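**Student:** Input: one structure, supplied below.
In the working numbering, the protein residues as written are 335 to 418.
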């Protein structure tokens, strides 16, 4: 990872945009975690639903990772951080 020699000066609009993207990411992660918790609770109450809920449970971590990756890319773009 290569950091710029000097951090770029951000406008209030850029800061607001990053904050909004961070808020969106937190919201997405919360939604995915809520789905996981609901699926676990359903399986706890109705074990016969385990197979159906397994898909929901296994898909959520990848969705969380994608949300974080998207935010990270925007953050790196804003601060001109380069890889390689």
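For every residue, glycine included, the Cβ atom is placed at its ideal position computed from N, Cα and C.
All figures in this text were calculated on a predicted structure; none of them were measured in a lab.
(1) Would you call residue 388 buried or exposed, if buried means 16 or more other Cβ atoms sit within 10 Å of its Cβ?
(2) Are residue 403 and residue 366 closer than 8 Å when you measure CB to CB?
(3) Closer than 7 Å by C-beta to residue 373: which residues in its own chain qualify, once you throw out the five before and the five after it? Chain order, please.
(4) Please list the terminal residues of the continuous alpha helix (DSSP H) segment that includes residue 415.
(5) Is the beta carbon of residue 356 sitting closer than 8 Å to the one on residue 405?
**Tutor:** Reading off the structure:
(1) Position 54 of the chain shown holds residue 388. Answer is exposed; the Cβ neighbour count stays below 16.
(2) Taking the chain shown and counting its residues from 1, one reaches residue 403 at position 69. Taking the chain shown and counting its residues from 1, one reaches residue 366 at position 32. No; because the gap between Cβ atoms is not below 8 Å, this pair is not in contact.
(3) In the chain shown, residue 373 corresponds to position 39, counting from 1. Excluding residues within five positions, the ones whose Cβ falls inside 7 Å are 387, 390 and 391.
(4) Taking the chain shown and counting its residues from 1, the one referred to as residue 415 is at position 81. No alpha helix (DSSP H) contains residue 415, which DSSP labels as neither H nor E.
(5) For the purposes of this step, residue 356 is identified with residue 22 of the chain shown, where counting begins at 1. For the purposes of this step, residue 405 is identified with residue 71 of the chain shown, where counting begins at 1. The answer is yes: Cβ separation under 8 Å.
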